[in-house]
Amino acid sequence: MTPRNPATVQVTCCPAGPLLIRGADVITDENGVEHETRRPVVAVCRCDKSSRKPWCDGTHKLISKNSGSSSGRGTD
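Here the sequence shown is numbered in our numbering, starting from 183 and rising by one per residue.
Structure representation (structure tokens):
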């Protein structure tokens with residue numbers, strides 16, 4: 183993450199959902215690719231099933247319903 187101001191970046195882990203990141207200009211994915219943020223708060227996928235990675239597209243909701251799991255991570 184590249185912050186606008188390092189003191190203002192906040193990361194919130196949503197139970198069975200994405201990471202909400204506030205205040206970052208750029209998000210760097212696990213492959214080192216930088217993704218510019220265009221909103222003050224962005225949702226980053228944790229279930230690894232999003233079709234818009236690194237951004238959350240809500241797929242975790244389907245995984246949780248189908249598996250009965252509340253982890254939000256699908257199958258690890």
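Even for Gly, the Cβ is constructed at its ideal location relative to N, Cα and C. Since this is a predicted model, take the numbers as computed values, not measurements.
Under DSSP, the alpha helix (DSSP H) around residue i begins and ends at which residues?
i      : result
THR241 : 241-249
Compare the beta carbon distance of residue i and residue j with 9 Å and say whether it is the shorter of the two.
i      : j      : result
CYS238 : GLY214 : no
ASP211 : THR219 : no
LEU201 : VAL191 : no
HIS217 : PRO236 : yes
Considering residue i, what are the terminal residues of the beta strand (DSSP E) in which it resides?
i      : result
GLU212 : It is not in any beta strand (DSSP E) - GLU212 carries neither H nor E in the DSSP assignment.
VAL193 : 192-195
ARG204 : 201-204
ALA225 : 223-226
My understanding is that residue i touches residue j, with C-beta atoms under 8 Å, so please give their C-beta distance in whole angstroms.
i      : j      : result
ILE245 : VAL226 : So it is not a contact: roughly 16 Å between Cβ atoms.
ARG204 : PRO222 : 6 Å
Please name the residue, chosen from the options, that lies closest to residue i on a Cα-to-Cα basis.
i      : options                           : result
ASP230 : THR194, ARG204, VAL193 and THR241 : THR241
CYS195 : LYS235, ARG234 and ARG228         : ARG228
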